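Asker: Count along the sequence shown from 1, add 148, and you get the number used in our numbering. Ideal Cβ positions, reconstructed from N, Cα and C, are used throughout, including at glycine. Quick caveat, the model's predicted, so the values are computed rather than measured. Attaching a single structure in structure tokens format; questions to follow.
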Amino acid sequence: MWQTEADTVVGSDKIGYRQGIFIDHHNTLFIADVYNFRIVKQEYDSTNVTVVIDGLDCPTDLVIDKKGTMFIAKKESLIRWSKGLRNRTVLRSS
């Protein structure tokens, strides 16, 4: 059963326009911030929002695999960003 009250964990003062979200096995919340062209994260029990990847063209969704590789859907393409690397790989583009 859902709780009748909820807490805001990330407000509009920190995120422009939230589209996709992902929660990893550490309960870290990742958010695709479409209008600020970035992926941000908020660790469990923290109020700090950290920019993970900046300069993306309208990221709309994301998933992260067990190795920490992030797959990001943006506009009409899909990119793979391996943990610890500065470069991305475009998997699909139209």
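With residue 222 and residue 206 assumed to form a contact (beta carbons below 8 angstroms), what rounded beta-carbon distance in angstroms separates them?
Answerer: Locating residue 222 in the sequence shown gives position 74, where the first residue counts as 1. Locating residue 206 in the sequence shown gives position 58, where the first residue counts as 1. Confirmed, about 6 angstroms.
Asker: How many Å lie between residue 198 and residue 237 at the Cα?
Answerer: As a first step, residue 198 is located in the sequence shown; it is residue number 50 there, counting from the start. As a first step, residue 237 is located in the sequence shown; it is residue number 89 there, counting from the start. C-alpha separation (whole angstroms): 23 angstroms.
Asker: Tell me residue 237's beta-bridge partners as DSSP assigns them.
Answerer: Along the sequence shown, read from residue 1 onward, the residue named residue 237 stands at position 89. Bridge partners of residue 237: 228.
Asker: Sort out for me which residues DSSP pairs residue 204 with in a bridge.
Answerer: Within the sequence shown, the letter at position 56 stands for residue 204. DSSP output for residue 204 lists no bridge partner at all.
Asker: In the DSSP assignment, find the beta strand (DSSP E) that holds residue 219 and state where it starts and stops.
Answerer: By one-based count along the sequence shown, residue 219 stands at place 71. Its beta strand (DSSP E) spans residues 218-222.
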